[in-house]
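Numbering (our numbering), first residue to last: -15 to 125. Beta carbons are placed, not taken as given, at the ideal position from N, Cα and C, and that holds for glycine. Let me begin by presenting the structure, written as structure tokens, before commenting on it.
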């Protein structure tokens, strides 16, 4: 158990970008959208530290453009689920042994990266994967 007073940042909402015509964020989002739409991806499963490609794949298509192929993901079966559960159980104690500050910092860092460096990527993938417009993706992603 952890005792003491610890600093943590007060939660604040991320400012919503408006993607106005000619704005830097709109230009960057369009660039990333075009890049992602033109790239075919191969999405493996990750079980523990292992990258798993089963060879049994399913297509990734935007809901608004069924004929466009964004890529493929590898599908698993019950064996993969059991391996994933076992892999998670192996690291459970290590994760639980980290202080709450360390665990929180991992999520705070991920949130910071999504709000800054990877923001156009998470929004563009939301637009492609869920048929959202820029404002909807900005709010939902």
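Boundaries of the beta strand (DSSP E) in which residue i is found, first to last residue
| i | result |
| --- | --- |
| residue 41 | 41 to 44 |
| residue 31 | 29 to 31 |
| residue 139 | As displayed, the chain neither begins before -15 nor continues past 125, which places residue 139 out of reach and without an answer. |
Residue closest to residue i, alpha-carbon to alpha-carbon, out of the options
| i | options | result |
| --- | --- | --- |
| residue 52 | 121, 22, 6 | 22 |
| residue 9 | 116, 103, 113, 120 | 103 |
| residue 63 | 16, 96, 38 | 38 |
| residue 61 | 76, 40, 125, 77 | 40 |
| residue 43 | 34, 57, 71, 105 | 57 |
| residue 15 | 70, 27, 105, -9 | 105 |
Boundaries of the alpha helix (DSSP H) in which residue i is found, first to last residue
| i | result |
| --- | --- |
| residue 64 | 62 to 81 |
| residue 105 | 103 to 114 |
| residue 85 | 84 to 99 |
| residue 123 | 118 to 124 |
Same chain, Cβ closer than 6 angstroms to residue i, neighbours up to 5 away in sequence not counted
| i | result |
| --- | --- |
| residue 25 | 55 |
| residue 33 | none |
Own chain partners of residue i with C-beta closer than 8 angstroms, once the 5 adjacent residues on each side are dropped
| i | result |
| --- | --- |
| residue 3 | 9, 10, 13, 118, 119, 122 |
Residues near residue i in its chain [Cβ-Cβ closer than 7 angstroms; skip 5 each side]
| i | result |
| --- | --- |
| residue 68 | 31 |
| residue 29 | 36, 58, 60, 64 |
Query raised in the report: How do the segment 42 to 61 and the segment 81 to 94 stand: do at least 3 beta-carbon pairs fall below 8 angstroms, yes or no?
Result: no
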